[in-house]
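Visitor: Chains as they are written, first to last, in the numbering used here: chain A, 2 to 516; chain B, 2 to 516. A virtual CB, placed ideally from N, CA and C, is assigned to each residue, including glycine. Before we start, here is the structure in question, set down as structure tokens.
There are 2 protein chains.
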Amino acid sequence: MLSTLRGASRAISRKVSIPVTTKLQQARPIHNTVRKHAVAAANVAVDSVSSYEPYFPNEPTKPSVKTEIPGPKSKIAITELDEVFDTRSLNMICDYENSIGNYISDHDHNVLLDVYAQIASIPVGYNNPALSAVASSPEMLTALINRPALGNFPPASWMNTLKSGILSVAPKGLNQVFTGMSGSDANECAYKAAFMYHRRRERGEGAPFTEEELQSAMNNKKPGSPELAIMSFKKGFHGRLFGSLSTTRSKPIHKIDIPSFNWPQARFPQLKYPLEDFVAENQAEEAACIAEVEEILTKWHCPVSAVVIEPIQSEGGDFHASPKFFQDLRAVTQKHNVLLIVDEVQTGVGATGKFWAHDHWNLQSPPDIVTFSKKAQTAGYYFGNPQLRPNMAYRQFNTWMGDPARVLLFNTIIKEVERLSLVQNTAETGEYLYNGLAELSKKYPEEIQNLRGKGQGTFIAWDSPQRDAFLKKMKTVGVNIGGSGESAVRLRPMLVFQQHHANILLESIEKVIKA
Amino acid sequence: MLSTLRGASRAISRKVSIPVTTKLQQARPIHNTVRKHAVAAANVAVDSVSSYEPYFPNEPTKPSVKTEIPGPKSKIAITELDEVFDTRSLNMICDYENSIGNYISDHDHNVLLDVYAQIASIPVGYNNPALSAVASSPEMLTALINRPALGNFPPASWMNTLKSGILSVAPKGLNQVFTGMSGSDANECAYKAAFMYHRRRERGEGAPFTEEELQSAMNNKKPGSPELAIMSFKKGFHGRLFGSLSTTRSKPIHKIDIPSFNWPQARFPQLKYPLEDFVAENQAEEAACIAEVEEILTKWHCPVSAVVIEPIQSEGGDFHASPKFFQDLRAVTQKHNVLLIVDEVQTGVGATGKFWAHDHWNLQSPPDIVTFSKKAQTAGYYFGNPQLRPNMAYRQFNTWMGDPARVLLFNTIIKEVERLSLVQNTAETGEYLYNGLAELSKKYPEEIQNLRGKGQGTFIAWDSPQRDAFLKKMKTVGVNIGGSGESAVRLRPMLVFQQHHANILLESIEKVIKA
Numbered sequence: 002m003l004s005t006l007r008g009a010s011r012a013i014s015r016k017v018s019i020p021v022t023t024k025l026q027q028a029r030p031i032h033n034t035v036r037k038h039a040v041a042a043a044n045v046a047v048d049s050v051s052s053y054e055p056y057f058p059n060e061p062t063k064p065s066v067k068t069e070i071p072g073p074k075s076k077i078a079i080t081e082l083d084e085v086f087d088t089r090s091l092n093m094i095c096d097y098e099n100s101i102g103n104y105i106s107d108h109d110h111n112v113l114l115d116v117y118a119q120i121a122s123i124p125v126g127y128n129n130p131a132l133s134a135v136a137s138s139p140e141m142l143t144a145l146i147n148r149p150a151l152g153n154f155p156p157a158s159w160m161n162t163l164k165s166g167i168l169s170v171a172p173k174g175l176n177q178v179f180t181g182m183s184g185s186d187a188n189e190c191a192y193k194a195a196f197m198y199h200r201r202r203e204r205g206e207g208a209p210f211t212e213e214e215l216q217s218a219m220n221n222k223k224p225g226s227p228e229l230a231i232m233s234f235k236k237g238f239h240g241r242l243f244g245s246l247s248t249t250r251s252k253p254i255h256k257i258d259i260p261s262f263n264w265p266q267a268r269f270p271q272l273k274y275p276l277e278d279f280v281a282e283n284q285a286e287e288a289a290c291i292a293e294v295e296e297i298l299t300k301w302h303c304p305v306s307a308v309v310i311e312p313i314q315s316e317g318g319d320f321h322a323s324p325k326f327f328q329d330l331r332a333v334t335q336k337h338n339v340l341l342i343v344d345e346v347q348t349g350v351g352a353t354g355k356f357w358a359h360d361h362w363n364l365q366s367p368p369d370i371v372t373f374s375k376k377a378q379t380a381g382y383y384f385g386n387p388q389l390r391p392n393m394a395y396r397q398f399n400t401w402m403g404d405p406a407r408v409l410l411f412n413t414i415i416k417e418v419e420r421l422s423l424v425q426n427t428a429e430t431g432e433y434l435y436n437g438l439a440e441l442s443k444k445y446p447e448e449i450q451n452l453r454g455k456g457q458g459t460f461i462a463w464d465s466p467q468r469d470a471f472l473k474k475m476k477t478v479g480v481n482i483g484g485s486g487e488s489a490v491r492l493r494p495m496l497v498f499q500q501h502h503a504n505i506l507l508e509s510i511e512k513v514i515k516a
Numbered sequence: 002m003l004s005t006l007r008g009a010s011r012a013i014s015r016k017v018s019i020p021v022t023t024k025l026q027q028a029r030p031i032h033n034t035v036r037k038h039a040v041a042a043a044n045v046a047v048d049s050v051s052s053y054e055p056y057f058p059n060e061p062t063k064p065s066v067k068t069e070i071p072g073p074k075s076k077i078a079i080t081e082l083d084e085v086f087d088t089r090s091l092n093m094i095c096d097y098e099n100s101i102g103n104y105i106s107d108h109d110h111n112v113l114l115d116v117y118a119q120i121a122s123i124p125v126g127y128n129n130p131a132l133s134a135v136a137s138s139p140e141m142l143t144a145l146i147n148r149p150a151l152g153n154f155p156p157a158s159w160m161n162t163l164k165s166g167i168l169s170v171a172p173k174g175l176n177q178v179f180t181g182m183s184g185s186d187a188n189e190c191a192y193k194a195a196f197m198y199h200r201r202r203e204r205g206e207g208a209p210f211t212e213e214e215l216q217s218a219m220n221n222k223k224p225g226s227p228e229l230a231i232m233s234f235k236k237g238f239h240g241r242l243f244g245s246l247s248t249t250r251s252k253p254i255h256k257i258d259i260p261s262f263n264w265p266q267a268r269f270p271q272l273k274y275p276l277e278d279f280v281a282e283n284q285a286e287e288a289a290c291i292a293e294v295e296e297i298l299t300k301w302h303c304p305v306s307a308v309v310i311e312p313i314q315s316e317g318g319d320f321h322a323s324p325k326f327f328q329d330l331r332a333v334t335q336k337h338n339v340l341l342i343v344d345e346v347q348t349g350v351g352a353t354g355k356f357w358a359h360d361h362w363n364l365q366s367p368p369d370i371v372t373f374s375k376k377a378q379t380a381g382y383y384f385g386n387p388q389l390r391p392n393m394a395y396r397q398f399n400t401w402m403g404d405p406a407r408v409l410l411f412n413t414i415i416k417e418v419e420r421l422s423l424v425q426n427t428a429e430t431g432e433y434l435y436n437g438l439a440e441l442s443k444k445y446p447e448e449i450q451n452l453r454g455k456g457q458g459t460f461i462a463w464d465s466p467q468r469d470a471f472l473k474k475m476k477t478v479g480v481n482i483g484g485s486g487e488s489a490v491r492l493r494p495m496l497v498f499q500q501h502h503a504n505i506l507l508e509s510i511e512k513v514i515k516a
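Here it is in structure tokens:
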């Protein structure tokens, strides 16, 4: 079946040359293949750009597994490393110098197709030539060795760095950025912005802090340290520092023994699959969840300043909801004057077939804040409302406020995404991959349950009855793949994952299921 | 007076060559000057290494101020930058390409002696050749462009990176490291380690989590999310995320409007200066503070899992305490089975005349955890007790767990500190500078009050009656200098700050005071 699909689309392909728009690329120019094809199980013909010329011409053509994983060299290295560094979560000891594109090498020279990509955080392939070029540039050198305290002493180039790169992909309706260090950091700074904005509105514009507020804040007491909340969703993941962890609801192991704020959670829709068979049930489920949100926003014991949500709950188990759900959520947050923070740490930067996953929602009014990290290789939050800048200096501040070296990498990633039409690639490769998985799930309905992520690029998942064993066996056939939640297999390939990689992945999955 | 001092020490100097122990250095070999001298106002002769040959041969010989600061070009750049980035905390728009060593250049080509150093975070000078070499190395390239999820997929080189660098300077008694992104992140991860350890001891080794704990943690409720506290000190600063901010007590502007945990604070000693005139009062003050610590540890409404303290309270106003105070603090925390976390984010990496400021205390038993950031150019925490590794994988974990690129820089900073004997340099240049300031404070007792930091390297501060005006005027004479707390001028020069820089600084201070 798979080979038929592949052959069919090949047969109707024609090659066009995509112009090279940057001098950074050291590899040969990319020839993409543009074609129209009727995708299996899709009812409409779609315009399609897929690459039969690989983005990485020197990539291996297939995985190569020579030893068990971890192999003998890796085992020794793990034992040594464990003396000084906790290795219980270790997956593979890697050889990054010999990794390329979608392929990761380990210390025993095993080479795996990587559809986990450093927990969804590698965007444009290992040893990407454009990243290599910017990493060797004079701008990178100075950013690395003269690290500024950006809030006090920004370089003269900082405005251009922001405007020409990081802000050029700002979500629609947002035009400001606060740069940070990690997803947790980005979310917590966003929460702080929401709290300061909340109190600004309550206090009234221009009203000074009272003496009581100033003094009580120093004692961690009301009214200076107010009782305010961020609402999140069951199974949501927003990070592991104290504020972000209070909104994280993925697994007990993330939270147990750590003090947390008494903040509320609403249910996130638990949709039934295939979606077309459960239209009414799923609509009812989403409506019930929105009702629960409204109940919390009106009845929680303290005011809720913001709602934070992932477009696709990732760490918690790959749960999706419809654009209608998110539109309703936007409406209910606006109705109750509560900010909407969209956490695009895992979904952002192209993997869902849109640059930002919330672009799928067609909101009338944008989210108030959008946070990012992972594939951006840096972190931060976007906003549009100028009042989300606190009313005084030094309220949202820290020494580094991000890392200009990592921002330069994000800017180059953005250029690569544009130059190679990588968002279009994930949309189309994702559709191809989804259709292949849909075929497999018909063939092996017990092994591939609740297939989800249709139309969401390569952001695809399913439930597997013996998930952890499945993930482990996938390594033996040369695929590095991850899980999420209790039972989901989550696909998080890079943006440079192409149809020929999808074919290897599909064949490998079938091989493991059959075995 | 200053010129006499300088002349006298010059007259008795002799030159020796310090061997170059790394190939990274691109500048010419450093010739240091070793001498014995009786320092003014010091009662003992000290062994002294000071550099009359500068570490940066191409450094300017003095500041050069051509325009007001910000000058015309900077003003335009600030207006443009403000469209997308909050500039109210902006101090100078910088030209890092043309900054060198201890001198920072701005966008209008003003060149200032920098004794603030990016809020105490530049260790070995702008455009340091050794950092430049490592930033251009193949190791840096791969660390930048193939950013790993270190907990899952560390590179094979990671053990050596840790052991040969970051762990080679681990505080005495500590031999493990957890790497992170920033000072706030390092402190919060340390707090999490303390909470997990606390509950591990309560639960008993090997005891499983109860079902009630697992479920309640998901609801942010006891017993899974326990009520436990970190104790800090008044005027302490430990970061600005939600957990770290709950321990920060520096200024209301850092805390107001942000929800916080109900955690306790004890008074930090408020010593009177000069120390030799207030021996009994200061001993009593420190004993009273220790008594308050013990009172809190025994009577707070919930258990205190750890005490966090800065060796020198920095952001809060440069407050010092004696080694005896810290020895007593260690004793009282041990007596009550409470962890001692030493926050060396600002004090660590050489500026106090020791590599770690707490090396001054001669503790019988080391701190449980030491956190670092800033001059390390990366962040994290050290520990020694193996039980501070949580009892299960994935409890202390996040996607990146630090940045190997920044760790490579720290490792090179460590080599530079050793090669150039920079800890000895800060001890001796600090003593020279302190003595010069002591002279000035005798001459201008109203302008330089409560001079402090004797014997603490270049970590020197004093109170100024019109501090903010003083800091501003220092720019007009070519010195970039910072404040802390309400009224303190804080000196935070780099580790490559030498006697000839101290002379410029002292002369500039006198010039501003006179004017």
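#1: Tell me which residues of the segment 64-96 of chain B have at least one Cβ-Cβ distance to chain A shorter than 7 Å, keeping chain order.
#2: Going along chain A, which residues have a C-beta under 7 Å from Tyr56 (chain B)?
#3: Decide if Glu206 (chain A) is buried, meaning its Cβ has at least 16 other Cβ atoms within 10 Å, or exposed.
#4: Got a sec, what are the start and stop residues for the beta strand (DSSP E) Arg493 (chain A) sits in?
#5: Per DSSP, what kind of secondary structure is Gln378 (chain A) in: helix, strand or coil?
#6: State the start and end residues of the unbroken alpha helix (DSSP H) segment that holds Leu82 (chain B).
#7: When you compare the segment 208-220 of chain B with the segment 281-292 of chain A, are there three or more beta-carbon pairs, one atom per stretch, that lie closer than 8 Å?
#8: Counting only Cβ pairs nearer than 9 Å, list the residues of chain A close to Tyr382 (chain B).
#9: Judging by CA-CA distance, which residue of B:Glu508, B:Lys273, B:Ser133 is the nearest neighbour of Leu114 (chain B)?
#10: Under 9 Å Cβ-Cβ, which residues of chain B neighbour Met393 (chain A)?
#11: Is Pro172 (chain B) closer than 8 Å to Trp357 (chain B) when the C-beta atoms are compared?
#12: I need the boundaries of the beta strand (DSSP E) containing Leu114 (chain B), first residue and last residue.
#13: To be precise: take each residue of the segment 195-221 of chain A, compare its Cβ to all Cβ atoms of chain B, and keep it if any distance is under 7 Å. Which residues remain?
#14: DSSP state of Ala267 (chain A), grouped into three classes?
#15: Mind listing the chain B neighbours of Asn128 (chain A)? Cutoff is C-beta to C-beta under 7 Å, in chain order.
#16: Find the nearest neighbour of Trp301 (chain A) within the set A:Val309, A:Ala267, A:Leu272, judged by alpha-carbon distance.
#17: Could you tell me how far apart the beta carbons of Ile254 (chain B) and Phe411 (chain B) are, in whole angstroms, since I believe they sit closer than 8 Å?
#18: Just the chain B side, please: which residues come within less than 8 Å of Gly225 (chain A) by C-beta, in chain order?
#19: Can you confirm whether Arg396 (chain A), when its beta carbon is compared against all beta carbons of chain B, has any partner nearer than 8 Å?
#20: Using a Cβ cut-off of 7 Å, which residues of the segment 98-125 of chain A contact any Cβ in chain B, in chain order?
#21: Just checking my contact of Phe238 (chain B) with Thr249 (chain B) at CB under 8 Å: how many whole Å lie between their CB atoms?
#22: Using a Cβ-Cβ cut-off of less than 7 Å, give me the residues of the segment 148-172 of chain B that come near chain A, in sequence order.
#23: Taking just the CA atoms, how far does Gly317 (chain B) sit from Leu409 (chain B)?
#24: According to DSSP, is Gly437 (chain A) helix, strand or coil?
#25: To the nearest angstrom, report how far apart Leu517 (chain B) and Thr88 (chain B) are at their CA atoms.
#26: What do you get for Ser315 (chain B), buried or exposed, if any count of 16 or more other CB atoms within 10 angstroms of its CB means buried?
#27: Output yes if chain B places a C-beta closer than 8 Å to the C-beta of Glu189 (chain A); else output no.
#28: Quick one: is Gly454 (chain A) buried, meaning 16 or more other Cβ sit within 10 Å of its Cβ, or exposed?
#29: When DSSP labels each residue in this structure, what does Gly484 (chain B) get in the three-state scheme?
#30: Between the alpha carbons of Asn161 (chain A) and Lys376 (chain B), how many angstroms are there, rounded?
#31: Based on the DSSP secondary-structure assignment, which residues constitute the bridge partners of Val178 (chain A)?
#32: Within the same chain, show all residues whose beta-carbon is closer than 6 Å to that of Lys476 (chain B), passing over the 5 residues directly before and after it, in chain order.
#33: Can you tell me whether Met141 (chain B) is helix, strand or coil according to DSSP?
#34: Going by the CB atoms, is the gap between Ile310 (chain B) and Leu330 (chain B) shorter than 8 Å?
Guide: On the basis of the coordinates in this document:
#1: Listed by position along the chain: Ala78, Glu81, Leu82, Val85, Phe86, Asp87, Arg89, Ser90, Leu91, Asn92, Met93, Ile94, Cys95, Asp96.
#2: Within chain A, no residue has its CB atom less than 7 Å from the CB of Tyr56 (chain B), the nearest being about 15 Å off.
#3: When all chains shown are included, Glu206 (chain A) counts as exposed.
#4: Segment: none, Arg493 (chain A) is in no beta strand (DSSP E) and carries neither H nor E.
#5: If DSSP states are grouped into helix, strand and coil, Gln378 (chain A) belongs with coil.
#6: Run containing Leu82 (chain B): 73-83, per the alpha helix (DSSP H) assignment.
#7: No: fewer than three Cβ pairs fall under 8 Å.
#8: Within 9 Å Cβ-Cβ: nothing; Tyr382 (chain B) doesn't reach chain A, min ~13 Å.
#9: Leu114 (chain B) has its Cα closest to that of B:Glu508, out of B:Glu508, B:Lys273, B:Ser133.
#10: The contacting residues are Arg89, Ile254.
#11: A Cβ-Cβ contact shorter than 8 Å links Trp357 (chain B) with Pro172 (chain B).
#12: Note, Leu114 (chain B): beta strand (DSSP E), 112-115.
#13: Of all residues in the segment 195-221 of chain A, only Phe196, Met197, Arg200, Phe210, Glu214, Leu215, Ala218, Met219, Asn221 place a beta-carbon less than 7 Å from a beta-carbon of chain B.
#14: Correct three-state label for Ala267 (chain A): strand.
#15: Within 7 Å Cβ-Cβ: Ile146, Asn147.
#16: Considering only alpha carbons, the answer is A:Ala267.
#17: Contact doesn't hold; Cβ gap of about 31 Å is too wide.
#18: Within chain B, the residues placing a beta-carbon under 8 Å from that of Gly225 (chain A) are Pro253, Lys256, Ile257, Asp258, ordered along the chain.
#19: Taking Cβ atoms only, chain B reaches closer than 8 Å to Arg396 (chain A), which makes this a yes.
#20: Correct list: Glu98, Ser100, His108, Gln119, Ile120, Ser122.
#21: 5 Å between Cβ atoms; contact.
#22: Listed by position, the residues of the segment 148-172 of chain B near chain A (Cβ gap below 7 Å) are Arg148, Pro149, Ala150, Gly152, Asn153, Phe154, Pro155, Pro156, Ala157, Trp159, Met160, Leu163, Lys164, Leu168.
#23: The straight-line gap from Cα to Cα measures roughly 31 Å.
#24: DSSP places Gly437 (chain A) in helix when its eight states are reduced to three.
#25: The first residue shown for chain B is 2 and the last is 516, placing residue 517 (chain B) beyond what the model contains.
#26: Counting Cβ neighbours within 10 Å, Ser315 (chain B) comes out buried, since at least 16 surround it.
#27: Interface residue, yes.
#28: With a 10 Å radius around the Cβ and a threshold of 16 neighbouring Cβ atoms, Gly454 (chain A) comes out buried.
#29: Correct three-state label for Gly484 (chain B): strand.
#30: Asn161 (chain A) and Lys376 (chain B) have their C-alpha atoms roughly 27 Å apart.
#31: Residue pairing by DSSP places Val178 (chain A) opposite A:Tyr383 in a beta bridge.
#32: Around Lys476 (chain B): Ile70.
#33: Three-state result, Met141 (chain B): helix.
#34: Cβ atoms of Leu330 (chain B) and Ile310 (chain B): closer than 8 Å.
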